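For the sequence shown, this note's numbering begins at 17 and goes up steadily by one. C-beta atoms are modelled at their ideal positions from N, C-alpha and C, and glycine is treated no differently. All figures in this text were calculated on a predicted structure; none of them were measured in a lab. Data block below; observations after.
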Amino acid sequence: MSDALTLVVAVASPLLLIALVALTPRGRLSVRIAMRNAFRRPAQTLLVALGLSLAALLFSASFTLEAALHQAMRAQQTADLGGVDAVVTPVEPDDQEEPEESGESGEAADTGPPALDSDDVRSIEDALDEPGATVSSLLSLPVPVEHGRTERGEPGLTVVGASNNDDAVRLVDSSGEPLARDGLREDDILLSAAASRDLRAERGDVLTVAGRTMRVVGVYETGAPLAPPASAVVSLRELQEIADLPGRVNAVTLAYDREVTWEEREDPVHGELSSLARANDWEAEPLRASAHESADRLTTELSTLFLLFSQLSMVAGVLLIVLVVMMLAGERHAEFGVLRAMGMKRGRLAFVLALEGLGYAVLASAAGTLLGWGVGAGASRVLSDRVTDPALPPPRLEFGFDPVAMATAYLIGVGVIAVVFALVALRASKVDIVAALRGAEAPPRSRRRAVVLPVLALLAGLATAALGVRNGTATETLTGLTLVFGALGAGLPRLRVPQRLAHSAGAVAVIVLWSLPSELFGETGSGITIFFLSGIALVGAGVWLFVSNDDLVQRALRRLLAPLPRMTSVVPIAVAYSVRNRLRSGMTIAMLSIVVLTITLSGFVTAAVNQIYADHRSVTGGFDLQASWVSPGGAPPDLRSVFEESPHIDTSEVGRIGGYADVSVRARQIDAEAGAEEVGVWGADEDYLLGNRYPVFLRAPGLDSSEEVWDELRRSPNTAVVSGTMIPSDSAAFVGGGSDLELEGVDVLDEELPGDLRLEVAGPDGGTTTLRVIGVVDRSAEYLGDVVTSTEGLARITGEDASPTHWFVAADDREEVGEVALAARRALLDHGVTVTPLQEEVEFRASSNGVVQWLLMAFMGFGLVVGCSALGVVSIRSITERRNQIGVLRAIGMQRSGIRRLFLIESLVVTVSGIALGVGLGFAVSPGLVDSLRVDLPGVTYTVPVAVLVVIIGATLVFSTLVSVLASRRAGDVPPAEALRDRT
């Protein structure tokens, strides 16, 4: 089924259900009654639909923003592909067999860089079984580029050579317009925006490219295929002459004439072309399909955290639906009594109301889904400059129309609204006829039910808690204890315990229970379920505590408003209505507090994690610069010797220097069930092992400090330190992003590592090397390999020299990092070494802090706006329901201004209570939440997000006050005569 058809079927299904009901004689009458009820009060019907649409909007916005996240991930993963879908490349020399010696002299044949000739390209075209595919030839090489005017250069800038009419290169400038290459001459060069910034070169500047003079004729943002953000594009012939590779290329790109929607294993390159590639030692890669799968995996992992917060917002939406439906049923209480008195059966009354609810569900869900789609599109535009990965080009957060997401959101909205209406309809059908006709309250429920329910809840709680204790799971234990405390708080008043004391004690017990670290009660599983349940339990307990002490709220308000006599006079009436309708007031407060609590906790987590990035050296191991050798030939230089001999840099400004060589190999844990996985192994020199500042939070027995671990690693070549990404974690700070190889039998909560934890690492020659793991570095060590050993240890793995090819440099004075970076670039330019300042990258990560956090804040902020808007809807519904009360108050002398103050105070009491409850619970829970982050991030510190709290409190108060003022003005304008006659 196509996506569009899915959306059509989803929209049509509820309508078809209503049509089928209308085909029966009795159903036709029920439909007429339901429609009459809706059209008899068009203003109230519109108001109900608006309130339900706001709830449906939350569902839709959740799905559409998640779809935007998916689009952004795909855009990032494919940003450097240009118009390329797949590529065929020759295997690098290191991956090929050793060349045979030629001639009697025994000299090795000069293989040069791997390349393909025209015959190879034709054979690829013939083997490709994909009609309409475009085959292009590219040459991509690291080339030294210098800008004499600014004295800046890059020793290994990636330069792409392509024919001027090659569609594989689709360059786009900063305004989003295509950058033409038709007139590109042999001495012309196009720079990427990143390369232009690094070289301080603009259009018209002259550069020296591998000894040749070339002029910059344009700057592009994206579009250079198979190239990093800092790159350049020249004509193919020019680059072939520079590299002395006439008529040869090192990449054959494939562009299909249809959109890539298939999986990686189904790509056309895995057909006959795959056999040809294996026979010729080539590599055929389905780049776009592989990038899509990578983006999909990343989206799934990131969506886990997004789902947590969206679930809490959805709970707020469900509460809004229940609130609106209950108010609708309460307003028509007398009408239901009349219908029952006229002979309508309970089943028919429930059916009519449920059918009316289905109509509301269809209308409100359709409107809410469309509004949510618009909100998602707007949020995508606002956040487009925030959702970038510093390692990739910065694409905009693209928003795409996803019919499946729209259909899912629509059906969820219809289903939730219809189910709530059905449940309320069943309850409303049991109306007491006499009480409804008199306009009196229904008689209280039987005392037997009031006793049985707490007892059943108590027994269920004890059983669930016992099951959790036996299985060692925190979810069951906490849920069971919550039921126990709730049942005791509700049931103790039957044993003559004061009601306020019992209810307050039960609520406080639940709050204290969920404020404790969940690890005390057993395994937390994914952590997401615990967090969701804790939010619901805390808000529920907080509301219970509030409504159980509403008279204290009234006293506090009277004292607070004592300087304003006019306001104080209406406080008892305002609070009396909330006390009389505790369930309705509690749900309204819960709806607001859930959203406020979620934003508050998100702010605490963001502030705590950002403290790590406040000092870039805590993330980089104490270094300021990273240098990498990119020269295609020769031997890597001795960095310290280069600095000492260079006139461009003052060695007294350079502090520590540490180097490493890296290799990608397969490794597995010895005596573990999991197989071998690809990992990055570093061979660090003595200077790095003694000079880095990464703390080791898990250490082998006998090693009491991080310094002892690094020293042992320096002295013993058969040892290794691993990244924290190799340890399974349920931390809320990290969703995904772990290593492919996860160690078994190790937990982040362990006090020390097992003494026999070993890795078997496979070398390029097929041999294996055993490394004993003696330490684990926390996940904040972003500039560290998966496995770190000494240079001697890496030499044992590869069987070759492990001289450093990458270095970290620390400036002696951290205030002069920029000057040291510039001097290092000039000193290393002729040695094929690039220099990257690390502070800029770390600051970028701190400022944006990832895609998910910005989407979460946007979504939850919008949920706050919806919650405040819903407060206005509830207030207006309350005015309609209390017209008679308004008429009585006006008749006994209360002025319009007094009515307005009355409803304004009612709304503000609910708003302030919701804010206070959400923020207060946030402060109660956040210490435990931050402590849980320290499991993976020992450097995390508890920080109060003052700016976030000010924005939350200020925005909520301003917006809700505005809505409340508008609603209160409407209440003051109700004519007293009509209100006393109860005419609507």
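Is G390 helix, strand or coil when you go by DSSP?
-> helix
Whether A300 touches V276 by CB criterion (9 Å) = no
Just curious, the beta strand (DSSP E) that P160 is in, first and last residue?
-> T150 to H163
Cβ of S208 within 9 Å of Cβ of A178?
-> no
If you draw a straight line from the C-alpha of L408 to the C-alpha of T174, how long is it?
-> The pLDDT assigned to L408 is 40, lower than 50, so where the model puts this residue is not dependable; a value taken from the coordinates is nonetheless given after this. Distance between the alpha carbons of L408 and T174: 15 Å.
When you compare only the Cα positions, how much space is there between R281 and S290?
-> 11 Å
Which stretch, first to last residue, makes up the alpha helix (DSSP H) that contains Y710?
-> First-last for Y710: undefined, no H or E at that position.
Inter-residue spacing [alpha-carbon to alpha-carbon] between V526 and A623 | 27 Å
Within its chain, find whatever has a CB closer than 8 Å to the CB of E141; leave out the 5 residues flanking it on each side and keep chain order.
-> V151
Can you tell me which of the three DSSP states H664 falls into?
-> coil
Can you find at least 3 beta carbon pairs, one from the stretch 809-822 and one from the stretch 711-720, that sit closer than 8 Å?
-> no
For A736, count neighbouring C-beta atoms within 10 Å of its own C-beta (all shown protein chains included) and say buried if the count is 16 or more, exposed if not.
-> buried
Which residues bound the alpha helix (DSSP H) around G502?
-> A490 to G507
Any idea if N181 is buried or exposed, counting beta-carbon neighbours within 10 angstroms, 16 or more meaning buried?
-> exposed
Could you give the distance in angstroms between the alpha-carbon of E120 and the alpha-carbon of Y799?
-> The pLDDT assigned to E120 is 41, lower than 50, so where the model puts this residue is not dependable, and the model offers no usable value.
Collapsed DSSP secondary structure at A434 in the structure displayed = helix
Any 3 or more C-beta pairs closer than 8 Å across the stretch 469-477 and the stretch 373-389 | no
On a CA-only basis, which of G551, Y676, H632 and N565 is nearest G615? Give me that one, please.
-> According to the sequence displayed, residue 615 carries Ile and not Gly. It is G551.
Which listed residue (R898, V925, F75 and P245) has its alpha carbon closest to that of V430 = F75
Touching by the beta-carbon criterion (3+ pairs, under 8 Å), the stretch 259-276 and the stretch 199-219 | no
Measure the Cβ-Cβ separation of G9 and G696 and say whether it is below 9 Å.
-> Any answer about residue 9 is impossible in this case: the structure gives the chain only from 17 up to 1000.
For the stretch 794-840, which segments carrying the beta strand (DSSP E) assignment without a break, of at least 3 residues, lie completely within its bounds, in sequence order?
-> 803-806 and 822-827
List in chain order: all unbroken alpha helix (DSSP H) runs of 4+ residues lying wholly within the stretch 972-997.
-> 992-996
Pick from G988, L369 and P284 that is closest to S891, judged by C-alpha positions | G988
Hey, how far is the Cα of G602 from the Cα of V436?
-> 18 Å
Using a Cβ-Cβ cut-off of 7 Å (strictly less than) and excluding sequence neighbours within five positions of A131, which residues of its own chain qualify?
-> P106, L261, R264, V265 and N266
Starting from the C-beta of A843, find all residues in its chain whose C-beta is less than 7 Å away, skip the five residues before and the five after it, and write them out in chain order.
-> V658, F659, S662, H664 and I665
Could you tell me whether the stretch 896-914 touches the stretch 514-522, using the rule of 3 or more Cβ pairs below 8 Å?
-> no
Buried/exposed call for A102, threshold 16 Cβ in 10 Å | buried
Could you check if L982 is buried or exposed, using at least 16 other CB atoms within 10 Å of its CB as the buried criterion?
-> exposed
Distance, G883 Cα to V751 Cα | Residue confidence is low: V751 scores 41 on pLDDT, short of 50, so the model does not pin down where it sits. No coordinate-derived value is stated.
Cβ contact check for the stretch 699-707 and the stretch 832-848: 3 or more pairs under 8 Å | no
Hey, would you say R656 sits closer than 9 Å to S739, going by beta carbons?
-> no
Span of the alpha helix (DSSP H), counted from its first residue to its last, around W278 | Segment: none, W278 is in no alpha helix (DSSP H) and carries neither H nor E.
Which class does I743 belong to by DSSP, given the choice of helix, strand or coil?
-> coil
Just curious, the beta strand (DSSP E) that E170 is in, first and last residue?
-> R168 to A178
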